[in-house]
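*Asks:*
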Amino acid sequence: MIRPWRRRVFGVLVAGSLLAGCSSQEPPGPDDAPAGVVPEVSLPADTLTPLVPAPDEVPAGMVPLLTGSGPRDAAAVAAYSADPAAAAAALAEHRFQSAYVAQYADPNGPQVLSVVVARFADVAGATADLQGDLVASSGDALEVGAVGETSQARKQALPGATAGELVTLRFRQGRTTWLLAYGNQPQADPQVAVGLGRLLVERATG
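Here it is as structure tokens:
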């Protein structure tokens, strides 16, 4: 069973703000590993799969949540938003083409990772879509250096009895945008997100 705070961390959006919460009282143990976690497997194949972290690139102990990973169309992406109709209209205006979600969790610890990569028809559309996300994003801004052509990193607390942090990194390279969300307890290291982000940019431009 995926604990509630994990489900919400995984509610990441391309066209909206990140939804996050925490109701877990302690890190999960072996008996309550998230459903859908399958070790030593690959993510679902798609043209965008190379633009999300592979299982051997994420922090040690994390494994894919296959039930929450894979290609997403505009309707699925818009459904993540608090206002799906407005999100769908924005995606259409920005000439959204396709997206892919990769989700990871540590069955024996508090780490979670969710990455959304979105491809647009042109740079202008990707730029406009990311700008809308940056304006709507919440949390304390972090100085982490550039990731891609445009980027923004933020950190916010995961509310609840157990201390925790969520780092979000939004960035763009060409006509592709990413939202990378990394959560951990008691603290989330921003360099985990930054390192993965730079790896993905390098792969996209290589």
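Residues 874 to 1079, numbered by our numbering, are exactly what the sequence shown covers, in order. The beta-carbon is built from N, C-alpha and C at its ideal position, and this holds for glycine as well.
(1) Tell me whether P1063 is buried or exposed, calling it buried when 16 or more other Cβ atoms sit within 10 Å of its Cβ.
(2) Taking the CB atoms as reference points, tell me whether V1074 and G1021 lie closer together than 8 Å.
(3) Rounded C-beta distance between D919 and A963? I'm assuming under 8 Å.
(4) Suppose contacts are defined by Cβ-Cβ distances below 8 Å. Is L1042 in contact with V1008 by that definition?
(5) How about A941 and V985: are their beta carbons less than 8 Å apart?
(6) Please report the distance separating the alpha-carbon of Q1060 from that of P983.
(7) Per DSSP, what are the beta-bridge partners of V1040 in this structure?
(8) Between the Cα of V931 and the Cα atoms of E966, D979 and A1014, which residue gives the shortest distance?
(9) What is the residue span of the beta strand (DSSP E) that V985 lies within?
(10) So, are the CB atoms of Q1058 and T1035 less than 8 Å apart?
(11) Leaving out the 5 sequence neighbours to the left and right, which residues in its chain are closer than 7 Å to A906 when beta-carbon positions are compared?
(12) Given this structure, state the Cα-to-Cα distance separating F1044 from V936, to the nearest angstrom.
(13) What is the DSSP secondary structure of A918, counted as helix, strand or coil?
*Replies:* According to the structure shown:
(1) Your numbering for residue 1063 matches position 190 in the sequence shown. Answer is buried; the Cβ neighbour count reaches 16.
(2) Taking the sequence shown and counting its residues from 1, one reaches residue 1074 at position 201. Taking the sequence shown and counting its residues from 1, one reaches residue 1021 at position 148. The answer is yes: Cβ separation under 8 Å.
(3) The count along the sequence shown starts at 1 and reaches residue 919 at position 46. The count along the sequence shown starts at 1 and reaches residue 963 at position 90. Contact between D919 and A963 does not hold, since the beta-carbon distance rounds to 23 Å and is not under 8 Å.
(4) Translated into positions along the sequence shown, residue 1042 becomes position 169. Translated into positions along the sequence shown, residue 1008 becomes position 135. By the CB criterion at 8 Å, L1042 and V1008 fall outside the cutoff.
(5) By one-based count along the sequence shown, residue 941 stands at place 68. By one-based count along the sequence shown, residue 985 stands at place 112. Looking at the sequence itself, residue 941 is Gly, so the reference to Ala does not match. For G941 and V985, no; Cβs fall outside 8 Å.
(6) In the sequence shown, residue 1060 corresponds to position 187, counting from 1. In the sequence shown, residue 983 corresponds to position 110, counting from 1. Straight-line Cα distance between these residues: approximately 10 Å.
(7) For the purposes of this step, residue 1040 is taken as the residue at position 167 of the sequence shown. DSSP lists K1028 and Y1055 as partners of V1040.
(8) Residue numbering aside, residue 931 sits at position 58 when the sequence shown is read from its first letter. Each of E966, D979 and A1014 was checked against the Cα of V931, and the nearest Cα belongs to D979.
(9) As a working note, residue 985 is residue 112 in the sequence shown. Note, V985: beta strand (DSSP E), V985 to F993.
(10) Sequence index remark: in the sequence shown, residue 1058 carries index 185 (1-based). Sequence index remark: in the sequence shown, residue 1035 carries index 162 (1-based). Yes. Within cutoff.
(11) Numbered from its first residue, the sequence shown carries residue 906 at position 33. Unreliable placement is indicated for A906, whose pLDDT of 42 sits below 50; the coordinate value is still reported in the next sentence. Taken in chain order, the residues that qualify are P980.
(12) If you number the sequence shown from 1, residue 1044 lands on position 171. If you number the sequence shown from 1, residue 936 lands on position 63. In a straight line, the C-alpha of F1044 is about 24 Å away from that of V936.
(13) Taking the first residue of the sequence shown as position 1, residue 918 is located at position 45. In this structure, A918 counts as coil in the three-state DSSP scheme.
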